[in-house]
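Protein chains in written order, with my numbering: chain S, -10 to 240; chain D, 405 to 656.
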């Protein structure tokens, strides 16, 4: 019997993740309507905010994986300019506050490139993507370095090309190592997306803040906001633990 | 030059090394190595640790880069570039630490290169793999992961994996040095069978019993160069250099 490959397990994981989050999001207004006042009156706004937060996390998370991969490969490149550029991007994104990056993407980027049409959502995605991408790249890099050199040598000695060696041998092994820290980053991203409220993007945190100042009832409102974040981060953590166990059974 | 028995029995030269030099920073690991190996010949490379024998065998398929000299395999110079992957297909390598791919089953370890490099379909690749596993005596482990195999079994899988590409030359870099003593023989038996089948082999090893029994020629390395070359009977009974006498005195 052939085992399912890492790749197909990953697809199942993503589908599961999507399904669970979609289900939670659909259930959310119904659950909120069961809560004591003043929550049900604002259920609509909370749901909208949650949806924006999830979209923000999904797009930034996805692009952040790609950027992280590209930066990691760039930092391992033999070509000095590529190596230097990747290193600089990572240092800058890790060395400056995310809040400043979001403000920069929203206010400074359009000033620098007037032809760009950046709304609040895309500005937040740009900043979050580059930020999480920089952290992801360090994780990818250490994961790739942790795969013994003998693996590459064995693959190359069999006549596999550099690309085949990377995608068939090194990456699948590195991926198992980097999965837990990558999910950590995704959880952090979900929470950090709340900083996008600083540019007026109506995501969950800003929605909560508005309702709270409208109703003068910060305790139930902010507790609800915190609970919604918590449910989604827990969901993410639990699913990734499941995937980790699945991948471990192979080796 | 007088005709040695080797030239009578073996085909044309398939590995030719000329003036090979390799530095690690300031350290000269290989100081000009010249050797030619004929088709079907089994060359066993011996020498004290740090003598450059592992570095030497790794330069043959250019896993180890070198600064000066040439290596030619079956008439093709081993240089960086498009041809290198092609040459490597014809040169199988077995490592001290096995280097099996832990995320693939035994069968997948063996079929990967034939499928991806030679573009064989799965059925033919698996047939080759299972035949080879039978040859090395572990067909029943085909669907297990390498971690569940003993060291000796893993090394036999590694040999099968290299053979699956139907190489013309096999390189063995201390294939039994990482094994528990009781597993050394099962690997040597496979190598011996391979030698008898006419495979061209270069073997770096400390197994003098194997060298004496299987080698056509012993090459003695010291300080990055070949000090002595001789058929095993000659090398073990009357070593010519002081260094080789010392070396044999220490290990025999």
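Ideal Cβ positions, reconstructed from N, Cα and C, are used throughout, including at glycine.
- Remark: C-beta atoms of residue 227 of chain S and residue 176 of chain S do not approach each other more closely than 7 Å.
- Separation of residue 510 of chain D and residue 145 of chain S (C-alpha to C-alpha, rounded to the nearest whole angstrom) is 18 Å.
- The C-beta distance from residue 220 of chain S to residue 13 of chain S rounds to 6 Å, short enough to meet the 8 Å contact threshold.
- Not flagged as an interface residue toward chain S: residue 540 of chain D, since no C-beta distance is shorter than 7 Å.
- With distances taken between CA atoms, residue 153 of chain S lies nearest to D:521 out of D:476, D:543, D:585, D:521.
- Here residue 207 of chain S has 201 as same chain residues with Cβ atoms under 7 Å from its own Cβ, once five neighbours each way along the sequence are excluded.
- Of the candidates D:452, D:552, D:641, D:468, the residue whose Cα lies closest to the Cα of residue 139 of chain S is D:468.
- Rounded to whole angstroms, the separation of the alpha carbons of residue 114 of chain S and residue 48 of chain S is 7 Å.
- Membership of residue 634 of chain D in the beta strand (DSSP E) is indicated by the continuous run 629 to 634.
- Near chain S, meaning a CB-to-CB distance below 7 Å, the residues of the stretch 453 to 486 of chain D are 465, 467.
- Judged by DSSP in its simplified three-state form, residue 644 of chain D adopts coil rather than helix or strand.
- Exposure of residue 655 of chain D is indicated by the presence of fewer than 16 other C-beta atoms within 10 angstroms of its C-beta.
- Shown here, residue 481 of chain D sits in a strand according to DSSP, grouped into three states.
- A straight-line Cα-Cα distance of about 16 Å links residue 524 of chain D and residue 536 of chain D.
- Measuring C-alpha to C-alpha distances from residue 39 of chain S to each of S:233, S:209, S:186, S:112 identifies S:186 as the nearest.
- Judged by DSSP in its simplified three-state form, residue 490 of chain D adopts helix.
- Membership of residue 58 of chain S in the alpha helix (DSSP H) is indicated by the continuous run 32 to 64.
- Residue 572 of chain D and residue 477 of chain D have their C-alpha atoms some 10 Å from each other.
- Sequence-distant partners of residue 540 of chain D (beyond 5 residues in either direction) whose C-beta falls short of 7 Å from its own C-beta, in its chain, are 560, 563, 564, 594.
- Counting only Cβ-Cβ distances below 7 Å, residue 489 of chain D has contacts in chain S at 148, 150, in chain order.
- No Cβ of chain D is located within less than 7 Å of the beta carbon of residue 132 of chain S.
- Interface annotation, residue 163 of chain S: not in contact with chain D, CB-CB separation never under 7 Å.
- Its Cα nearest to that of residue 11 of chain S, the residue S:41 stands out among S:209, S:142, S:41, S:77.
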